[in-house]
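Following my numbering, the numbering of the sequence shown begins with 17 at its first residue and continues without gaps. Backbone N, C-alpha and C fix where the C-beta goes; we use that ideal spot for every residue, glycine too. Everything below concerns the one structure shown next.
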Amino acid sequence: MIKYPCVEFNKKYYDDVANLISLFRVTLRRFKNIESNPDIESAKEELDEYIERKYPIYCYIKDDKSVGYIILRIDGVIWVEQIYVLPGYRRMGIAKALYDVAEDMANSMNEDTVYNYVHPNNDAIIGFLKANDYTVLNLIEVRKKYKGEKTTKKIKIENNEFDY
17 MIKYPCVEFN KKYYDDVANL ISLFRVTLRR FKNIESNPDI ESAKEELDEY IERKYPIYCY
77 IKDDKSVGYI ILRIDGVIWV EQIYVLPGYR RMGIAKALYD VAEDMANSMN EDTVYNYVHP
137 NNDAIIGFLK ANDYTVLNLI EVRKKYKGEK TTKKIKIENN EFDY
C-alpha cells in the first residue's frame, strides 16, 4: 500500500500521463539545444509500451489530475526511467513523494538505492538527487556521434575528456 499522495497508474490518468511524457521529451531535447513541440501521439505510443512491459508507473494526483509521474524499470534493481512534474507544481515535494515510492519499492527488494540515468545538463534533477543523498557516479554512457551531430562542449571526468 502506498502511503504517499501518489497512486499507481490507471487508465483514468492515461491522457494526463501521455501529456506529461510529451513535455518530458521536449525538456530532454532542450538539454541538447533542440526546440520542439509536444508530440502527444508519440507519447501515447511510449506510454503504451511501458504499460505493455508492465513497468511500474505512479502518478501524483492534485485536483483529480496527474501533475507528476515516475516510471520505474525493475531489472534486478530499480531504475528510474522517467520522472516529470509540471512546472507550476515543482518545489512542492511532488518529486520527493514519487521518489519515496521508488525507494520503498527498492527497500522491499532488499536494495539500498534507486538507480538513475541523468542528462548532464539537467541541473534540476541533479540538484534534487544530491539533496536526497544521491552522490555516487556509477556509469558513463559513451557512444559515437549521430550522423550530422555537432557537439559543442567538452566534459572532463577524471583523466578523460568527452565531446558533448
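Measuring only the C-alpha atoms, how far is residue i from residue j?
i       : j       : result
Asn-35  : Val-23  : 17 Å
Lys-112 : Arg-159 : 31 Å
Arg-89  : Val-42  : 22 Å
Thr-167 : Asp-179 : 6 Å
Lys-28  : Asp-80  : 10 Å
Ile-18  : Asn-123 : For Ile-18, the pLDDT reaches just 48, beneath the cut-off of 50, and the residue's location in the model is therefore unreliable, although a value from the coordinates is still provided. Rounded to whole angstroms, Ile-18 to Asn-123 spans 14 Å at the Cα level.
Ser-82  : Asn-175 : 44 Å
Pro-181 : Phe-25  : Any answer about residue 181 is impossible in this case: the structure gives the chain only from 17 up to 180.
Ile-37  : Tyr-162 : 24 Å
Lys-70  : Gly-143 : 29 Å
Pro-21  : Asn-53  : 30 Å
Met-108 : Ile-94  : 24 Å
Lys-169 : Asn-154 : 22 Å
Met-125 : Gly-164 : 43 Å
Could you spell out where the beta strand (DSSP E) holding residue i opens and where it closes?
i       : result
Arg-89  : 81-90
Glu-157 : Looking at the DSSP string, Glu-157 is not in any beta strand (DSSP E), and its letter there is neither H nor E.
In the DSSP assignment, find the unbroken alpha helix (DSSP H) run with residue i in it and report its ends.
i       : result
Tyr-105 : Unbroken run through Tyr-105: none, as it is neither H nor E.
Val-33  : 30-47
Starting from the C-beta of residue i, find all residues in its chain whose C-beta is less than 8 Å away, skip the five residues before and the five after it, and write them out in chain order.
i      : result
Val-33 : Phe-25, Leu-63, Ile-73, Cys-75, Ser-82 and Tyr-85
Lys-58 : The amino acid occupying residue 58 in the given sequence is Ser; Lys does not appear at that position. Excluding residues within five positions, the ones whose Cβ falls inside 8 Å are Ser-38 and Arg-41.
Only counting the same chain, and skipping five residues up and downstream in sequence, which positions put a Cβ closer than 6 Å to that of residue i?
i      : result
Glu-51 : none
Less than 8 Å between the CB atoms is what I'm expecting for residue i and residue j, so what's the real figure, rounded?
i       : j       : result
Val-96  : Val-152 : Contact doesn't hold; Cβ gap of about 15 Å is too wide.
Ile-171 : Pro-136 : 6 Å
* Decide yes or no for the touch test of the segment 88-102 against the segment 46-59: beta carbon pairs closer than 8 Å, at least 3 of them. => Using a Cβ-Cβ distance cut-off of 8 Å, the segment 88-102 and the segment 46-59 are not in contact, since fewer than three pairs of beta carbons, one from each stretch, lie closer than that value.
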